[in-house]
Amino acid sequence: MSYIVDYYEFWIFVWLVLTGYVAGTYNERRHYRSIRRREKELKDVLAFAVRTLPAGRPYESARLVTGSAVISVDYFKSILAALRKVIGGRVDAYESLVERARREAILRMKAHAAEEGADMIFNVKLETTRVFQGERSAAQSVESLAYGTAVKSA
Amino acid sequence: MILTNLEIVPGRRVEKHLGLVHGSTVQAKHLGRDLMASLKNIVGGELKGYTELLEDARAEAVERMKAEAGAIGANAVVNIRFSTASITAGAAELLAYGSAVILAEG
Amino acid sequence: MGVETERRSLKKGVFPTYENRQPPEGINRGRDRPLRDMAVLGGATLALIAAVLIGVYQFGNLLAPLVPFAWEKPLGDGMVKQWAKSPGNAETGQYLRTLTNRLAAVMDLPDSMTITVHYVHGETVNAFATLGGNVVVFDALLNKLPSENGLAMVLAHEIAHVKYRHVVRAMGGGILVSLVSSALFGDTGFAGSLAGGGGMLTALHLSREKEEQADSEALAALMAVYGHVNGFDEIFRLLGDGGGKSGARSVPVFLSSHPLTGPRIRRLQRIARDRGWPVDGEVTPLDP
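Each protein sequence line maps, in turn, to chains H, P and U. For the first sequence, counting from 1, position 72 maps to 104 in the numbering used here; every step adds exactly one. For the second sequence, counting from 1, position 74 maps to 502 in the numbering used here; every step adds exactly one. For the third sequence, counting from 1, position 229 maps to 243 in the numbering used here; every step adds exactly one.
Written out as structure tokens, the structure reads:
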């Protein structure tokens, strides 16, 4: 009994890890379901990394569209990543994190284009940034940004 | 699989544009390398360990991008770009992305 | 050139078509087995930390004996101050000092080394050696020991720890370990309290080999002073059965870090037999 009281910090840690695992896994699954659903909805907005527009067609408008998302890591994954950093190598725990952020950003960019009435996006560029750098205790999260030029064929 | 960061593949005609494909990986350095690097920071110069690490990771990202392109039936990726981002202290994301295309034969 | 190709295609009437194909899931995600990774990485990290700390401890162990005894002395004197606040009977203290000097005389200590014995009031049935040749003996121990020979065994054992610099070795290791662990984990937090809590003084844990070395040395001293080794096992018998029963306050700390009582007695009996040291002889009663 006194052991539990003495090391309450340890038990808080265990509780955070467990909560992080359960809630983080649940959130991730829900997010992926939502991403897949919206990807189907927006499948008619096309995105390309090439800069040249299809030749021989007139265009009504060309407009910059952007989409971004900040996704935070859960406590369990941050511990997993911290442990990984001792040994080095691929950080599996964070790969799904950046993938979710990127797909979400691309989706928002496409939604933005759809709002503009456009159906194609050219010269798409992707970027990832760490937010809240520096302090050790600060939340670990990544921002993904997707941008390109949306065109509407006349 | 033809990879290029030109808009086109010289001498080949693009038959189909298949859209954005990307490959990404998050890689961490390990404590030992960190230690060596902090020593190297005193005298400066190339951190060979880190260069290798990032090269390997970038190769992995390219492999993943190729896997995506291959899976959707492309035979080339054009206008490829790389980007490196720090995710947490000691871990970086390597990203490669481009436009998957089908080139006409010949 | 791109324009050329485009133009040529246009002339031929062949246009590239535009569509988006969704790549399959999972290419940009590594293996999804977080629990397994957690177990493997956690285990590997703990093993690494343990290995580092053990290495550091051994390093401290190696370096510590190089510290001159004279440096150790002021540290140890500071440490025993808290015990000296409640001294035991002065006459008994004098008797202890005399006995200690008789033992030290036959134990072949280095010239620079001096033993200072402190007789203090305390309910712990215990005696311990700390830095600077300081040996602390609690009056509860004297009250329980049947003879001077038993007491001499305890004193000689502690003097042997001083002679072989066991205390400074263990503390050197311990101090380095707490330095390194506080550098690794920070001063606060669970890990810090676990790693830094390996206390000083009485809680000092010496290895089995060091205890056995001190035992053998003490037995030889007993033989040299009394001409026989009778009474060497009194302390073990006392702590083996008597000490623990008289309540939680008098838990025999002396015993807690030491090898098991039975094998210890048998080992010393064997040594005595091999060297032809008589195990019976008249024991001297305690003076006070």
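Beta carbons: idealized from backbone N, C-alpha and C, even for Gly. Quick caveat, the model's predicted, so the values are computed rather than measured.
> Who are the near neighbours of L158/H in its chain, counting only those whose CB is closer than 6 Å to its CB and skipping five residues on each side?
Replying inline: Here residue 158/H corresponds to residue number 126 of the first sequence, with the count starting at 1. If we look at L158/H and ignore the five residues flanking it on each side, its Cβ neighbours are A178.
> A514/P bridges to which residues according to DSSP?
Replying inline: What you label residue 514/P is simply residue 86 of the second sequence in a count that begins at 1. The sequence shown places Ser at residue 514/P, rather than the Ala named in the question. Looking at the DSSP assignment, S514/P forms a beta bridge with A520/P.
> Mapping DSSP to helix, strand and coil, what is L431/P?
Replying inline: Locating residue 431/P in the second sequence gives position 3, counting from the first residue. The answer is strand: DSSP assigns L431/P an E or B state.
> Of all the options A517/P, L482/P and G526/P, which has the alpha carbon lying nearest to the alpha carbon of A81/H?
Replying inline: On the first sequence, position 49 is the one that residue 81/H refers to. When only C-alpha atoms are compared, the closest one is G526/P.
>> I'd like to check one pair, A499/P with P38/U: are the Cβ atoms closer than 8 Å?
In response: As a working mapping, residue 38/U is identified with position 24 in the third sequence. As a working mapping, residue 499/P is identified with position 71 in the second sequence. In contact: P38/U and A499/P (Cβ atoms closer than 8 Å).
>> For A234/U and V194/U, I'd like the C-alpha separation in whole angstroms.
In response: By 1-based counting over the third sequence, the position of residue 234/U is 220. By 1-based counting over the third sequence, the position of residue 194/U is 180. If you take the alpha carbons of A234/U and V194/U, they lie about 39 Å apart.
> Could you check where the beta strand (DSSP E) with S128/H kicks off and where it finishes?
Replying inline: In the first sequence, the residue the question calls residue 128/H occupies position 96. That residue, S128/H, is in no beta strand (DSSP E); its alpha helix (DSSP H) goes D124 to E147.
> E443/P versus chain U: which residues are under 9 Å apart at the beta carbon?
Replying inline: The count along the second sequence starts at 1 and reaches residue 443/P at position 15. Within chain U, the residues near E443/P are V28, P30 and T31.
> Thinking C-alpha only, which one of S230/U, E86/U and E223/U is nearest D288/U?
Replying inline: Numbered from 1 along the third sequence, position 274 holds the residue referred to as residue 288/U. Among S230/U, E86/U and E223/U, the Cα nearest to that of D288/U is on S230/U.
>> Given this structure, state the Cα-to-Cα distance separating P299/U from T275/U, to the nearest angstrom.
In response: Residue mapping note: residue 299/U aligns to position 285 of the third sequence, counting from 1. Residue mapping note: residue 275/U aligns to position 261 of the third sequence, counting from 1. Using only the alpha carbons, I get a separation of about 24 Å.
>> Under 8 Å: do the region 101 to 116 of chain H and the region 36 to 52 of chain U share three or more Cβ pairs, one atom per stretch?
In response: Because the criterion of three Cβ pairs below 8 Å is met, the region 101 to 116 of chain H and the region 36 to 52 of chain U touch.
>> List, in chain order, every chain U residue whose beta-carbon is nearer than 9 Å to that of K75/H.
In response: Your numbering for residue 75/H matches position 43 in the first sequence. Here the neighbours are N34 and Q36.
> For D223/H, which option in R162/H, A145/H and S128/H has the closest C-alpha, if you only look at C-alpha atoms?
Replying inline: Here chain H covers residues 33 to 186 and nothing more, so residue 223/H does not appear.
> Which same chain residues, not among the five before or five after S511/P, have their C-beta less than 7 Å away from its C-beta?
Replying inline: Counting from 1 along the second sequence, the entry for residue 511/P is found at position 83. Hits under 7 Å: L523.
>> Restricting to Cα atoms, I'd like to know which of F45/H, Y91/H, R132/H and T160/H is closest to D151/H.
In response: Looking up residue 151/H in the first sequence gives position 119. Nearest of F45/H, Y91/H, R132/H and T160/H to D151/H, Cα basis: Y91/H.
>> Based on DSSP bridge pairs, tell me the residues matched to N148/U.
In response: Here residue 148/U refers to the residue found at position 134 when the third sequence is read from its first residue. DSSP lists T130/U and T144/U as partners of N148/U.
> On the three-state DSSP scale, how would you describe N163/U?
Replying inline: Walking along the third sequence from the start, residue 163/U turns up at place 149. In this structure, N163/U counts as helix in the three-state DSSP scheme.
> Of all the residues that make up the region 448 to 467 of chain P, which are near chain U by a beta-carbon distance shorter than 9 Å?
Replying inline: L448, V449, H450, G451, S452, T453, V454 and L459
> Name the chain H residues whose beta carbon is nearer than 7 Å to that of M93/U?
Replying inline: Within the third sequence, numbered from 1, the residue matching residue 93/U stands at position 79. Those do not exist, as M93/U stays about 25 Å from chain H at its closest Cβ, beyond 7 Å.
> What in chain P is Cβ-close to V82/H, meaning under 9 Å?
Replying inline: Locating residue 82/H in the first sequence gives position 50, where the first residue counts as 1. Listed by position along chain P, the residues whose Cβ is nearer than 9 Å to that of V82/H are E435, I436, V442, H445, V506, N507, G526, S527 and V529.
> Does the separation of the CB atoms of L67/U and G186/U fall below 8 Å?
Replying inline: Taking the first residue of the third sequence as position 1, residue 67/U is located at position 53. Taking the first residue of the third sequence as position 1, residue 186/U is located at position 172. Taking 8 Å as the cut-off, the beta carbon of L67/U is found no closer than this to the beta carbon of G186/U.
>> Using a 10 Å radius around the Cβ and a threshold of 16 neighbouring Cβ atoms, would you call V139/U buried or exposed?
In response: Within the third sequence, numbered from 1, the residue matching residue 139/U stands at position 125. When all chains shown are included, V139/U counts as buried.
> DSSP on R278/U, reduced to helix/strand/coil?
Replying inline: For the purposes of this step, residue 278/U is taken as the residue at position 264 of the third sequence. Helix, per DSSP.
> Under the DSSP definition of a beta bridge, which residues are partnered with M93/U?
Replying inline: Taking the first residue of the third sequence as 1, we reach residue 93/U at position 79. DSSP, once it has assigned bridges, lists no residue as partnering M93/U.
> Where does M152/H sit, in a helix, a strand or coil, going by DSSP?
Replying inline: Along the first sequence, one-based indexing puts residue 152/H at 120. Note: M152/H maps to strand in three-state DSSP.
> Per DSSP, what kind of secondary structure is Q455/P in: helix, strand or coil?
Replying inline: Start at 1 with the first residue of the second sequence, and residue 455/P comes out as number 27. Correct three-state label for Q455/P: strand.
> For N507/P, does the three-state DSSP call read helix, strand or coil?
Replying inline: The residue you call residue 507/P lines up with position 79 of the second sequence. Reduced to three states, the DSSP call for N507/P is strand.
> What does G518/P touch in chain H if you count any residue whose Cβ is under 7 Å from its own?
Replying inline: Indexing the second sequence from 1 puts residue 518/P at position 90. Chain H residues near G518/P: K117.
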